[in-house]
Amino acid sequence: MRKRLTRKILAALAASLTVVVASLVPAAPAAADNGQRCNEHVQSKTFALPGKPDVIHHVMLCFRSFDDGKADARSLTYWDFEDIVPPVPGVRFDAYTIEVTIERRDTKTSADHVISRWTCDLKAYVNGPRPANLPSEVCWMPWIGYSWQGYWSADAKVTYDINNDGKGAATWNITGTPLW
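In this note's numbering, the protein residues as written are 78 to 257.
Dropping the structure here:
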């Protein structure tokens, strides 16, 4: 039952991603959307919470470029309890942020250089009631200047601190988008 529910959630998140991302992005004046690259798969992580039901978080990452020399990146985050449970009161996470970066490299094999970095605090979202819709939280990076030179991508990492687990902050690295 749990695996079928998780597969349905992942399928719904992946299927709705392109439509949702396109609809959430305000149109740039005189800017034609030149293209978008997203992770091939939704990335998921199960968090074991002391004294509470486990939760599973799903993240999708995208990079977009525009004909007018602008680009942006965004992450979409959705969470749910791993099993069907009644509402669970209390704090699940003491901290939960996602940092999205736009990176550029000169060749396909050269090192990435961070061009822009943006952090969103999702603590209130991940401690709130179970989301009713997919996807539920978007971390939007402001537009940056973009050139056609080199190869571009977006990366992200989640920094979290599970309430009462005694381990402190930890990092979950999200696989970057394909090169653009």
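Quick reminder that beta carbons are idealized off the backbone N, C-alpha and C, glycines included.
- The DSSP-derived three-state label of Ala201 is helix.
- With respect to the C-alpha of Pro206, the residue from Ser193, Gly167, Met218 and Glu176 having the closest C-alpha is Gly167.
- CA-CA distance, Met137 to Trp225, rounds to 24 Å.
- Straight-line spacing of the CA atoms in Glu180 and Tyr155 works out to 24 Å.
- DSSP, reduced to helix, strand and coil, places Met137 within a strand of the structure shown.
- Per DSSP, the beta bridge partners of Lys122 are His134.
- By the CB criterion at 9 Å, Asp238 and Thr254 fall outside the cutoff.
- When DSSP reads this structure, Tyr223 sits in no beta bridge, so it has no partner.
- Take Gly245, set aside five residues on each side of it, and the residues of its chain with a beta-carbon closer than 8 Å to its own are Asp238, in chain order.
- Across the structure, Val215 and Leu153 are spaced so that their CA atoms are roughly 5 Å apart.
- Between Pro127 and Asn240, the CB-CB gap stays under 9 Å.
- Per DSSP, the continuous beta strand (DSSP E) segment holding Ile251 begins and ends at Ala247 to Ile251.
- In this structure, the alpha-carbon of Phe158 lies about 12 Å from that of Ala209.
- If you draw a straight line from the Cα of Ile251 to the Cα of Ser121, it comes to about 9 Å.
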